[in-house]
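Peer 1: The opening residue of the sequence shown carries number 1449 in my numbering; numbering runs sequentially from there. All residues carry an ideal CB built from backbone N, CA and C; glycine is no exception. Here the structure is a predicted model, which is why all the values come from computation and not from measurement. So that we are looking at the same thing, I have put the structure below in structure tokens.
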Amino acid sequence: MSGIAKRFLPLLDRVLVQKLKPEAKTASGILLPDSAAKKAATNFAKVMAIGPGNRTKEGKVLPMGVKVGDKIVIPEYGGMTLKFDDEEYHVFRDEDIMGILNEE
């Protein structure tokens, strides 16, 4: 668990993510300019911490759709930006996450 996950615990159905750094080189070895590299990976992130889940009216806890370590697709806009130790993190609701990227 990273230091940020120990210091910041999201509440309810919130998810703390860190955007993945864009690749500067293609699979064939071509170097990409900064503008192209930034566009390529701005919507991919890694889950750093999750809250316990939202509650129903009856008081039951709804399970989260992601777990720590998942690589996910996030919306281009939205969420809240936090800065810890010169690193940028974002907090989204579980329902705002678009999907999970599975390793092949």
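Does the Cβ of L1464 have 16 or more other Cβ atoms within 10 Å, making it buried, or fewer, making it exposed?
Peer 2: Looking at its Cβ environment, which holds 16 or more other Cβ atoms inside 10 Å, L1464 is buried.
Peer 1: Whole angstroms is fine: what's the gap from M1528's alpha carbon to Q1466's?
Peer 2: Using only the alpha carbons, I get a separation of about 12 Å.
Peer 1: State the DSSP-derived secondary structure class of K1515, mapped to helix, strand or coil.
Peer 2: Note: K1515 maps to coil in three-state DSSP.
Peer 1: Rounded to the nearest angstrom, what separates L1510 and E1535 at their Cα positions?
Peer 2: So the two alpha carbons sit approximately 30 Å from each other.
Peer 1: Can you give me the Cβ contacts of L1460 inside the same chain, cut-off strictly under 8 Å, excluding the 5 residues immediately before and after it?
Peer 2: So the qualifying residues of the chain are G1499, P1500, G1501, N1502 and R1503.
Peer 1: So if DSSP puts L1530 in a beta bridge, which residue, or which two residues, is it bridged to?
Peer 2: According to DSSP, L1530 bridges with Y1537.
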